[in-house]
Every structure is written in C-alpha cells, then in structure tokens.
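Residue 49 in this note's numbering is what sits at position 50 of the sequence shown, and the numbering runs on without skipping anything.
Taking it in order: structure first as structure tokens, then the write-up.
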Amino acid sequence: EPTANLDPAAAHLVEDIVRGLSEAGVKIIMTSHDLNQARRLAQEVIFLHRGRIKERAPAEAFFKGPENDLARAFLNGELLWWRRRSVYDGVDGKSADEIGIDRT
C-alpha cells in the first residue's frame with residue numbers, strides 16, 4: 000500500500016506518479032484497502048481474501064457488481080474485522096460458518 004500513512008498531499012503525488020506510469024504503458028501491481036483509491040487507479044482488480052484469489056475482473060465490472068460473494072460483502076462493508084463471525088447477516092442471521100460458506 001504505497002500511500003498508507005501518507006498525508007493527503009503526498010498520497011496525491013504518489014497517485015499522480017502511478018497514473019503517469021500507467022499511461023506510459025507500465026504495468027503496476029498495487030495493494031490497497033482504500034476502495035476510492037482503487038476506483039481511481041485500477042484497470043483490473045484481483046480480490047484476495049486470506050491470501051487466496053477470489054475474483055479477477057476489469058475494475059469497472061468489479062466495482063459495478065462483483066461475482067464473488069466475499070467480494071460483494073467487502074464492497075458492501077460487511078467484511079469488517081469486528082464482524083468476521085457474522086459476514087452474512089442477511090442469511091437468516093446466521094454466521095458464514097453456520098451456513099457453510101468457505102471463507103478460506
């Protein structure tokens with residue numbers, strides 16, 4: 000996460016550099032938990048959960064509607080560290096473990 004712990008001005012400069020390199024044809028692999036930043040910079044998204052690829056898609060398609068349930072939960076703010084035992088509240092109030100969703 001190249002902009003983690005940077006002030007907004009410095010983060011903006013880093014984003015400008017990344018954008019410029021990308022426009023010059025340089026492929027950049029970047030990690031980020033900042034969804035707004037990912038929307039601004041990504042051309043493709045690889046969504047990882049617990050070190051495993053769960054979805055790979057063009058950025059526009061991913062942010063419009065990911066195919067993977069975990070990716071969708073993440074974008075909806077449901078995959079939060081304090082809610083790990085109840086990722087899917089909308090499924091009869093049961094946790095992911097109770098309904099057998101593979102979270103590995």
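Cβ coordinates follow ideal geometry from the N, Cα and C atoms, glycine included.
Three-state secondary structure (DSSP) of residue i
i: Gly32; result: According to the sequence provided, residue 32 is His. The question's Gly does not apply to it. If DSSP states are grouped into helix, strand and coil, His32 belongs with coil.
i: Lys63; result: helix
i: Pro57; result: strand
i: Val44; result: strand
i: Arg39; result: helix
Length of the line joining the Cα atoms of residue i and residue j
i: Leu40; j: Ser31; result: 10 Å
i: Phe61; j: Val17; result: 20 Å
i: Glu77; j: Glu59; result: 21 Å
i: Leu5; j: Met29; result: 16 Å
Environment of residue i [buried if 16+ CB atoms lie within 10 Å]
i: Leu69; result: buried
i: Pro65; result: buried
Per DSSP, cross-strand counterpart(s) of residue i
i: Arg49; result: Arg49 pairs with nothing; no bridge assigned.
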